[in-house]
Amino acid sequence: MDHLTDNQLLNMMSQSALDDALNAHLADCNECAQRFQALKEPWDVLGQWTLDTPEIDLTDQVLSRVAKNRSIYLKQPQALIRIAASIIIGVGAGSWLGQSVARPVSDEQAAEAMYLDVLTLNSSTGWTAPLLEEGQE
Amino acid sequence: MATWQVHTDEHLVQKIGKGHTQALAELVRRHQQRALHLAFRSVGDWHLAEDVVQEAFLRVNRAASKYTPDAKFSTWFYRIVVNLCMDELRRGQRHSRATTQAMEEGQSFVETPVHAQEVAELQQAVHRALGQLNERERVAVILHRFEGQSHEQIAEIMEASVSAVESLLVRSYRKLRQILADFSNKTPKKTQGPGKSGV
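Going down the list, the sequences are from chains A and B.
Quick note: the first sequence, position 120, residue 1112 per my numbering, numbers continuous.
Quick note: the second sequence, position 17, residue 24 per my numbering, numbers continuous.
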């Protein structure tokens, strides 16, 4: 019989009842017996570490955290609505202001805004009079 | 509440996905103890283990609406717990720190003063031995030795091939044999959680 595989050794270790054929091989094969022992020793030591179950019930804690998370999610849409409303108001206001600024302006209004009236012949400032006189000469 | 007890785990998850909180409560009741043991053995601290298990259930709750029952719930759930444990272990090696702290603070692991020293020795030895394995080796051994998972189940939980898991286990047990050689012939002992009573 071929040597036992690691898988077979691991399975033998974790099973209380050993397969007869495999057991017979272990009895005859020193190499496999040593490999088996190398796995079995730590397995047995670890088995001595048993835990008493602590009196912990996480049900209420988990449910309260779920409820808390849910309330956060429920609050989030309100925040989103506020943000969306702010954006709409901002865009609307900006658009309205833009329209106000871009309102058509008459030539007279533009000239007045630029004080172009000072250049006219009848300007009360009289700034253009000397220039006009030079031209006439 | 009693009606939830007849449902399978997979059915409960589907109910959770539809907003049935009591279905989650039933799942917590069913799986918390094993998950706590797995987490405690992995991270070495009860409070940290509680955090890990709570977070695992919250993740189940979040993912429930997308859950498709292709795999067993327990496999999916233990994969979540194992991943969270490995994250904790990677995050600052809390396992060894928590263990050392617990030992130094003299937690009441012992049942009677007569066994105090032996239990403490064993506790330290097992923690130290597991602490010398890397995260994957440690979790594989815990699933195999203490959770009774088959190689196939461990492979599924750890998202590895069966042959990779077997190699991992063989390597881990060989390492543990060297570390635990002095404790091979000790008598069985019991370890208690701090301030808790046994079942």
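Glycine is no exception: its CB is placed at the ideal position from the N, C-alpha and C atoms.
Chain A contact for residue i (CB, 8 Å cutoff)
i, result
"arginine 145 of chain B", "no"
"phenylalanine 47 of chain B", "yes"
"proline 27 of chain B", "Here the sequence assigns histidine to residue 27 of chain B, which means proline is not the residue at that position. It does not; no Cβ of chain A falls within 8 Å."
"phenylalanine 190 of chain B", "yes"
"asparagine 68 of chain B", "yes"
"glutamate 57 of chain B", "yes"
"arginine 37 of chain B", "no"
"phenylalanine 64 of chain B", "yes"
"glutamate 173 of chain B", "yes"
"histidine 14 of chain B", "no"
Proximity test, Cβ basis, 8 Å: residue i and chain B
i, result
"tryptophan 1035 of chain A", "yes"
"leucine 1018 of chain A", "no"
"valine 1058 of chain A", "yes"
"valine 1054 of chain A", "yes"
"tryptophan 1041 of chain A", "yes"
"asparagine 999 of chain A", "yes"
"alanine 1030 of chain A", "yes"
"isoleucine 1048 of chain A", "yes"
Burial state of residue i (16 or more Cβ within 10 Å)
i, result
"tyrosine 180 of chain B", "buried"
"proline 76 of chain B", "exposed"
"lysine 1060 of chain A", "exposed"
"asparagine 68 of chain B", "buried"
"glutamine 156 of chain B", "buried"
"histidine 54 of chain B", "exposed"
"isoleucine 1079 of chain A", "exposed"
"alanine 937 of chain A", "No answer is possible for residue 937 of chain A: it lies beyond the span of chain A, which begins at 993 and ends at 1129."
Residue nearest to residue i in terms of C-alpha spacing, selected from the options
i, options, result
"leucine 1043 of chain A", "B/Ala63, B/Val59, B/Asp52, B/Val60", "B/Asp52"
"glutamate 125 of chain B", "B/Ala30, B/Lys25, B/Val177, B/Asp189", "B/Asp189"
"glutamine 185 of chain B", "A/His1017, A/Gln1007, A/Lys1032, A/Asp1020", "A/Lys1032"
"threonine 28 of chain B", "A/Ala1019, A/Glu1023, A/Asp1011, A/Gln1053", "A/Gln1053"
"phenylalanine 1028 of chain A", "A/Ser1087, A/Asn999, A/Asp1049, A/Ile1048", "A/Asn999"
"leucine 31 of chain B", "B/Ala71, B/Ser157, B/Gln40", "B/Ala71"
"isoleucine 164 of chain B", "B/Val20, B/Glu62, B/Cys92, B/Arg135", "B/Cys92"
"glutamate 154 of chain B", "B/Leu96, B/Val89, B/Phe64", "B/Val89"
"leucine 45 of chain B", "B/Leu187, B/Leu34, B/Leu150", "B/Leu150"
"tyrosine 74 of chain B", "B/Glu33, B/Glu62, B/Lys25, B/Gln40", "B/Lys25"
"glutamine 139 of chain B", "B/His158, B/Ser170, B/Arg98, B/Leu187", "B/Leu187"
"arginine 37 of chain B", "B/Ala56, B/Phe64, B/Gln21, B/Asp58", "B/Phe64"
"leucine 43 of chain B", "A/Thr1051, A/Gly1082, A/Leu1001, A/Asn1003", "A/Thr1051"
Distance between residue j and residue i (C-alpha atoms, nearest Å)
i, j, result
"glycine 1084 of chain A", "tyrosine 85 of chain B", "53 Å"
"alanine 1077 of chain A", "isoleucine 87 of chain B", "40 Å"
"serine 49 of chain B", "isoleucine 1075 of chain A", "45 Å"
"glutamate 1104 of chain A", "valine 1097 of chain A", "11 Å"
"cysteine 1021 of chain A", "histidine 995 of chain A", "8 Å"
"serine 1006 of chain A", "leucine 1018 of chain A", "15 Å"
"threonine 82 of chain B", "arginine 135 of chain B", "28 Å"
"tryptophan 1088 of chain A", "arginine 1062 of chain A", "40 Å"
message: Closer than 8 Å is the cut-off here; do at least three beta carbon pairs connect the stretch 163-182 of chain B with the stretch 138-155 of chain B?
response: yes
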